[in-house]
Amino acid sequence: MQLTSKTSQDLAPTGVDIDVEIGVIPTVTGAINLLTKIAKIAVKTRFTLFTQLQAHSKFPDPYAKLTSKYLNDASMFHGGDCRVPHLMEYNGYAGYANLAVTLPTSLNVKDIVTRDYEPVVLTSTDRFSTNLISGCIAVAYSVGISLFVTLDDATLLTDKKQTALKNILTWALGVPEIDPTFVTIVSISTSTGEVVTRISVPPSVSATYPTAPQLVTQLYQNARTATFAATLV
């Protein structure tokens, strides 16, 4: 089995492109006995099966809405509604490549000749694939969360420290399913110490908290715990 992946960039504000491929290499062999105890000829086919996932995301500026509900009409399965602005587009493929057909042959004539050979009948490096699934993932809703820090801390919240805050905030609030990429620091008040953040909520979280008020209530409950304070120290 082989697993390869590549990303065009880190989880930056503009988004991330992911291309992951998983492959397995099975061998199928069928034997045909033409001359019993004298010669055996088999047909062997070898090829690589693979699945591939391509995902592209943009944040905070989403992809524009499409005219079609589906990202790829030719897909066997579809997800999401691409007619609304969305953060991610994805395609999943399956197929085969590196086809080789050979004829393993054994010739055994006592006291005359003994020989094994495997001539190649066909080879191809072409890739053949079909689109299994495609779709779009949109933000279910956004919520605003305000934190209060000391005035000194508010003054010292450099870009590096803001990034660190975004990376830990969703964990501290008890929603690690939300990637830090979807956290935006809207404003920092050096006079009051208020840090206003906005969190874009994916469908996976909205399935548990269908409405923004429900999630906000839970987040503020989590923010009042000792665990939250200890995590942000």
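The sequence shown begins at 26 in the working numbering and counts up one residue at a time. Using N, Cα and C, we set each Cβ at its ideal position, and we do this for glycine too.
What does A119 pair with, by DSSP beta-bridge criteria? T76, T155
Can you list, in chain order, the residues of its chain with a C-beta nearer than 7 Å to that of A197? Leave out the 5 residues immediately preceding and following it. F253, T256, L257
Cβ-based neighbour list, I162, same chain, cut-off 7 Å, excluding 5 preceding and 5 following: G105, H111, L112, M113, P227, P228
Helix, strand or coil for L172? Go by DSSP, reduced to three states. strand
Taking DSSP as the reference, what is the three-state secondary structure of D141? strand
Is it true that the segment 64–71 meets the segment 112–132, where meeting means three or more beta-carbon pairs spaced less than 8 Å apart? yes
What is the DSSP secondary structure of I203, reduced to helix, strand or coil? coil
Same chain, Cβ closer than 7 Å to V53, five either side skipped, listed in chain order: Unreliable placement is indicated for V53, whose pLDDT of 49 sits below 50; the coordinate value is still reported in the next sentence. So the qualifying residues of the chain are T70.
Measure the alpha-carbon distance for V164 versus V109 and round it to whole angstroms. 10 Å
Closer than 7 Å to a non-hydrogen atom of the ligand COA - does that hold for the CB of S82? Annotation note on the ligand COA: not contained in the displayed structure, which lists no ligands.
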